[in-house]
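Chain order of the listed sequences is E and Z.
So in my numbering, the last spot in the first sequence is 116, and the numbers never skip.
So in my numbering, the last spot in the second sequence is 229, and the numbers never skip.
Just so it is clear, CB atoms sit at the ideal spot from N, CA and C, and this is done for glycine as well.
Note that the coordinates shown come from a computational prediction; the quantities given were computed from them, not determined experimentally.
One structure is given below, encoded as structure tokens.
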Amino acid sequence: EAGVTQFPSHSVIEKGQTVTLRCDPISGHDNLYWYRRVMGKEIKFLLHFVKESKQDESGMPNNRFLAERTGGTYSTLKVQPAELEDSGVYFCASSPPLAGVINEQFFGPGTRLTVL
Amino acid sequence: DAKTTQPPSMDCAEGRAANLPCNHSTISGNEYVYWYRQIHSQGPQYIIHGLKNNETNEMASLIITEDRKSSTLILPHATLRDTAVYYCIVRPWSTGGGNKLTFGTGTQLKVEL
């Protein structure tokens, strides 16, 4: 079974440019999460999709970040315009439908974003 | 979510048991203890979780104290590939409480020959 995949693995852009990160969750996983680790900091939650709906977006830092999950399959995270402080590693995770039980989250390898 | 406290780093000899402690003195009755780890340049990986009973799986054992204020993750025979940052996370079981993971600073475990 394929795991969570993320694309690209690395992205280097200049300040003010736009970048779109993609996450493909494990097939059948309704829950999709985005996290990020910026330099020297802890891994922080960004948002949580249940299928195509945003369940919790309390961790989104500002309106330069836009996450979508059209059709409830893959998700994209767009940063526009990118700022220096957005540099870090962006992780995507997915988990099966809840059914009343908290499930483990399966993480992708991350996208390393560098904003120059 | 309840806060956890872990030592910043630990060393372990290969083949020996690695015992990683975690304090979660403010844990609520509906919160589980989860352990994840992050091997360098990879995404976090689930290890084990428990509520109040000790748990064991193919990766590790989890010992939770009776008052649930602390726990210990045990890797019975650590190998070099177990070198990673280990995160202890407490998290409610109720879906109403949200399913996000709140990562702290974790413990950097270094397994040496």
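The continuous beta strand (DSSP E) containing residue 200 of chain Z extends over residues 200-208. Among the residues facing chain E, residue 169 of chain Z is not included, as its CB has no counterpart in that chain under 9 Å away. Under the three-state reduction of DSSP output, residue 217 of chain Z falls in the coil class, being neither helix nor strand. The beta-carbon distance between residue 140 of chain Z and residue 187 of chain Z, rounded to whole angstroms, is 7 Å. This is short enough to meet the 8 Å contact definition.
Sixteen is the threshold: since fewer than 16 other Cβ atoms of the shown chains lie within 10 Å of the Cβ of residue 66 of chain E, the residue is exposed.
Secondary structure note for residue 37 of chain E: its beta strand (DSSP E) is the uninterrupted segment 31-38. Rounded to whole angstroms, the gap between the alpha carbons of residue 24 of chain E and residue 9 of chain E is 13 Å.
Identification of chain E residues near residue 217 of chain Z by a Cβ-Cβ cut-off of 7 Å yields 45, 105, ordered along the chain. Restricting attention to beta strand (DSSP E) runs no shorter than 3 residues, the segment 15-81 of chain E encloses them at 19-24, 31-38, 43-50, 53-56, 65-68, 75-79, ordered along the chain.
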